[in-house]
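Protein chains in written order, with this note's numbering: chain D, 18 to 445; chain W, 98 to 348.
Here a beta-carbon is modelled for each residue, glycine too, at the ideal position from N, C-alpha and C.
The model shown is predicted, which means the values in this text are computed figures rather than measured ones.
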Amino acid sequence: MTALAIDTDLKEKIIKSFSSDDGGRKNALEVFKELGLPAGKAEEYRFTPITKALEKNFDFDVANSSSNFSSIDSFLIPGLEANVIVFVNGKYAAHFSKKISPDREVRISSLPAAIENGDATEHFEKYLKTSTDVFSAMNSAFWQDGVFIKVPANTKVEKPILILHINDAGQSQSVCHTRLLLMLEEGANLTLIERSASIGSNPIFHTFAEEIVIGKNASLDYVKIQNDEGKLHQVANSLFHQSDKSRLNTFTLTLNGSLIRNNFNIAIDGENCESHFYGLYLLNGNTMADNHTVVDHIKPNSFSNELYKGVMDGNSKGVFNGKIFVRPNAQKTNAFQSNRNILLTDTATINTKPQLEIWADDVKCSHGCTTGQLDEEAVFYLRSRGIPSKEAKAMLLYAFAAETLQPIKNMELKNYLDGLISQRLNKV
Amino acid sequence: MLSIKNLKARVEDKPILNGINLQVNAGEVHAIMGPNGSGKSTLASVLAGREDYEVTEGEVVFQGKNLLELDPDVRACEGIFLAFQYPVEIPGVSTVNFMKTAINKIREHRGQPVLDAVAFLQLMKEKMKLVEIDQSLLSRSLNEGFSGGEKKRNEIFQMAMLEPRLSILDETDSGLDIDALRIVANGVNKLRSKNNATILVTHYQRLLEYIVPDFVHVLYKGKIVKSGGKELALELEAKGYDWIKNEMELV
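Spelled out as structure tokens, the structure:
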């Protein structure tokens, strides 16, 4: 009974902090009330005690303190020329942001403005599972700011877009809810990098809701970097919608944070699409990272390949849940999924659950997961050639991890990610 | 160079080596033969430092140092090389990259300057010829999808690169066809010098037609029960291991 009481109490506090006359937001709040925060046994959050963490660490009746750091240089990717969009504690920070691509390649504007003038209305809230997912509903009710990005038809955006979410918890806690709406029109091509970073050691709670629409023949490379040294609690909902002949590559790298939950939902609502979803979580300390992915094959003749890998050290916890749906109409689907994990200590854990639901009869699908320790025989082999134990282990873990970098084409980005991975694995 | 005295070792509770004595000098090739389960591979593993085995008694002195106190990687730096009976497949690590790291660790240990990329490639090209191995194979993941012969050639290639003082070849002939055996043996012979030594662990006499040993030792139940010259191998081939077994039972 106590657990329930805590849950209700927290929910009430969150509801009390609501203040808006907007009809959409009010509706979302009703859904939030209805669904409630996930209780300990809620299937989708069985291994991820988010409600407990929120109850323990956050007040929902205080505003975020102001932030006054002066440079974002340390959060940028060295050598990468990119359009930079910066959010500080959930609010767009114009003075740190910088657009270098011309307007004919890409339009970037504030999401509230794009809703106001009608640019965003066609797709806004169309894909998000606001009615069934409590954190989507929460975000829909409370989102503070967001960005709208549109790439016109048959246009390649030469320079990537980097979205930086900086949470400054130097003075006090930070609670933010941000939004993204990305539209790639027919034949458009973009690389989008999203990175969260934090300052200070007070707790941070951050929800994302991202709607990403990939038009016919369009191509998106999407990279998410989660390397927050601070006490970040994050629930990221990313909804992708693919049309005919579109291509999507995603890579999610999780290195730090207190509790990270990524919900990736990919609707392959077109024929002849090609999609690669890669993820890597290299965890240590008490970090917990949970990747939930749903790949939904709605139409025939598409290909999807998912590979998530994890290395868990210390007391860290990993969760992987991968669902593949192949709908009755989605004949000739090729869908593959693999989740592989290495546990480095007795106190690290992984909970992995691949799920395949197929309603079509002419498909090629496979899924699998493995969990094990570092191969001692391989370590001995390398040591027998003169390589010390620590380096031999780092070498093997790197080889295991680096496979997930395959889909990344931008060299500066790849080098940066490669560096983050090597650095982490050499500490093991 | 290597002096083994009364070496006893076990895996878990099972004693496998029951008092090995062996002296190997620079320039010599020793063959260790014996029936299955006699402890041949265990001896090779203990010398290389595999941690599954516990040494319970005896000593191993290699170039004046107590070998048993050294970590496997330090042993390699000191000049021990084990060619594996079953080379490990390591996805994602190419032979080239791993050799570059290994050779420079060893050079560092020996107080030699590290090899730059150009010098490394030059050395690699030279050693590749020795075992007739192709560069494309070395750029691939270590041993992954290699045939049995390719794996063993890769072992000898690594041996050539690292220039060990003492090479231990653990059943390098197993799983090789006659052409691969000739290539591997040829590589080993070319690497023989008055400064280094080789221990060949083998079940069959066949390998010894190609690499002619100075001494042959027969291992049985964890002990060397017979030693002799190369003719001992022929006698074994003719009479079979039962000859040794029977002789030992009589004693």
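Could you compute how far the alpha carbon of residue i sits from the alpha carbon of residue j?
i	j	result
residue 112 of chain W	residue 105 of chain W	8 Å
residue 388 of chain D	residue 355 of chain D	11 Å
residue 293 of chain W	residue 115 of chain W	27 Å
residue 103 of chain D	residue 393 of chain D	45 Å
residue 238 of chain W	residue 409 of chain D	15 Å
residue 281 of chain D	residue 73 of chain D	26 Å
residue 300 of chain W	residue 289 of chain W	21 Å
residue 432 of chain D	residue 28 of chain D	43 Å
residue 46 of chain D	residue 226 of chain D	15 Å
residue 212 of chain W	residue 318 of chain W	45 Å
residue 287 of chain W	residue 208 of chain W	26 Å
residue 248 of chain D	residue 315 of chain D	38 Å
residue 322 of chain D	residue 382 of chain D	10 Å
residue 341 of chain W	residue 296 of chain W	21 Å
residue 332 of chain D	residue 441 of chain D	16 Å
residue 86 of chain D	residue 186 of chain D	11 Å
residue 344 of chain W	residue 135 of chain W	15 Å
residue 199 of chain W	residue 320 of chain D	41 Å
residue 326 of chain D	residue 305 of chain W	47 Å
residue 250 of chain W	residue 227 of chain W	10 Å
residue 141 of chain W	residue 336 of chain D	42 Å
residue 305 of chain D	residue 438 of chain D	18 Å
residue 338 of chain W	residue 411 of chain D	45 Å
residue 41 of chain D	residue 158 of chain D	8 Å
residue 335 of chain W	residue 229 of chain W	33 Å
residue 184 of chain D	residue 116 of chain D	21 Å
residue 200 of chain D	residue 137 of chain D	9 Å
residue 102 of chain W	residue 429 of chain D	57 Å
residue 181 of chain D	residue 251 of chain D	14 Å
residue 22 of chain D	residue 398 of chain D	Low local confidence applies: a pLDDT of 49 at residue 22 of chain D is under 50, so the model's placement there is unreliable, with the coordinate-based value given in what follows. Going by the C-alpha atoms only, they are around 56 Å apart.
residue 443 of chain D	residue 144 of chain W	29 Å
residue 317 of chain D	residue 283 of chain D	15 Å
residue 215 of chain W	residue 258 of chain W	15 Å
Select from the options the residue whose C-alpha is nearest the C-alpha of residue i.
i	options	result
residue 120 of chain D	D:401, D:198, D:166, D:203	D:166
residue 261 of chain W	W:322, W:212, W:170, W:327	W:170
residue 206 of chain W	D:402, D:426, D:81	D:402
residue 109 of chain W	W:153, W:129, W:141	W:153
residue 179 of chain W	W:332, W:122, W:333, W:254	W:254
residue 156 of chain D	D:54, D:406, D:359	D:54
residue 372 of chain D	D:79, D:384, D:441, D:84	D:384
residue 76 of chain D	D:137, D:33, D:111	D:33
residue 79 of chain W	W:219, W:235, W:117	Residue 79 of chain W cannot be examined here, being either before or after the span of chain W that is shown, 98 to 348.
residue 164 of chain W	W:273, W:303, W:246, W:99	W:99
residue 426 of chain D	D:97, D:39, D:69	D:97
residue 56 of chain D	D:26, D:43, D:78	D:26
residue 205 of chain D	D:180, D:169, D:220, D:130	D:169
residue 350 of chain D	D:43, D:145, D:223, D:376	D:376
residue 110 of chain D	D:134, D:124, D:83	D:83
residue 105 of chain D	D:132, D:145, D:215, D:133	D:215
residue 147 of chain W	D:414, D:406, D:419, D:416	D:406
I'd like to confirm the pairing. Which residues does DSSP put opposite residue i in its beta bridges?
i	result
residue 75 of chain D	Looking at the DSSP assignment, residue 75 of chain D forms no beta bridge with any residue, so it has no partner.
residue 185 of chain W	None, per the DSSP bridge assignment.
residue 313 of chain D	D:284, D:342
residue 118 of chain D	Paired residue(s): none; residue 118 of chain D is not in a bridge.
residue 322 of chain D	D:293, D:353
residue 266 of chain D	D:238, D:293
residue 336 of chain D	D:307, D:368
residue 163 of chain W	W:158
residue 278 of chain D	D:252, D:307
residue 151 of chain W	W:107
(request) Check whether the stretch 227-235 of chain D touches the stretch 272-280 of chain D, counting contact only when three or more Cβ pairs, one atom from each stretch, lie closer than 8 Å. (result) no
(request) Taking 8 Å as the threshold, find out whether the stretch 355-371 of chain D comes into contact with the stretch 153-160 of chain W through three or more Cβ pairs. (result) no
(request) Inspect the CB distances between the stretch 183-193 of chain W and the stretch 391-406 of chain D and report whether three or more fall short of 8 Å. (result) yes
(message) Count Cβ pairs between the stretch 263-270 of chain W and the stretch 193-203 of chain W that sit closer than 8 Å; are there 3 or more?
(response) no
(request) Return the chain-ordered ranges of every beta strand (DSSP E) run that is complete within the stretch 83-110 of chain D and spans a minimum of 3 residues. (result) 100-105
(message) Quick check: the stretch 238-255 of chain D against the stretch 208-219 of chain D, are at least 3 beta-carbon pairs closer than 8 Å?
(response) yes
(request) Only counting runs of 3 or more residues, tell me where the beta strand (DSSP E) segments fall wholly within the stretch 159-201 of chain D, in order along the chain. (result) 162-168, 178-185, 191-201
(request) Could you tell me whether the stretch 341-354 of chain D touches the stretch 300-317 of chain D, where touching means 3 or more Cβ pairs closer than 8 Å? (result) yes
(message) So, does the stretch 137-144 of chain D touch the stretch 175-182 of chain D, judging by three or more C-beta pairs under 8 Å?
(response) no
(message) I'd like the ranges of any alpha helix (DSSP H) spanning at least 4 consecutive residues and lying wholly in the stretch 311-342 of chain W.
(response) 328-336
(message) Could you check whether the stretch 121-133 of chain W touches the stretch 307-316 of chain W, counting it as contact only if at least three pairs of C-beta atoms, one from each stretch, sit closer than 8 Å?
(response) yes
(message) Just to confirm the assignment: which complete beta strand (DSSP E) runs, minimum length 3, are found wholly within the stretch 186-239 of chain W?
(response) 187-191
(request) Would you be able to state if there are at least three C-beta pairs under 8 Å between the stretch 188-195 of chain D and the stretch 87-101 of chain D? (result) no
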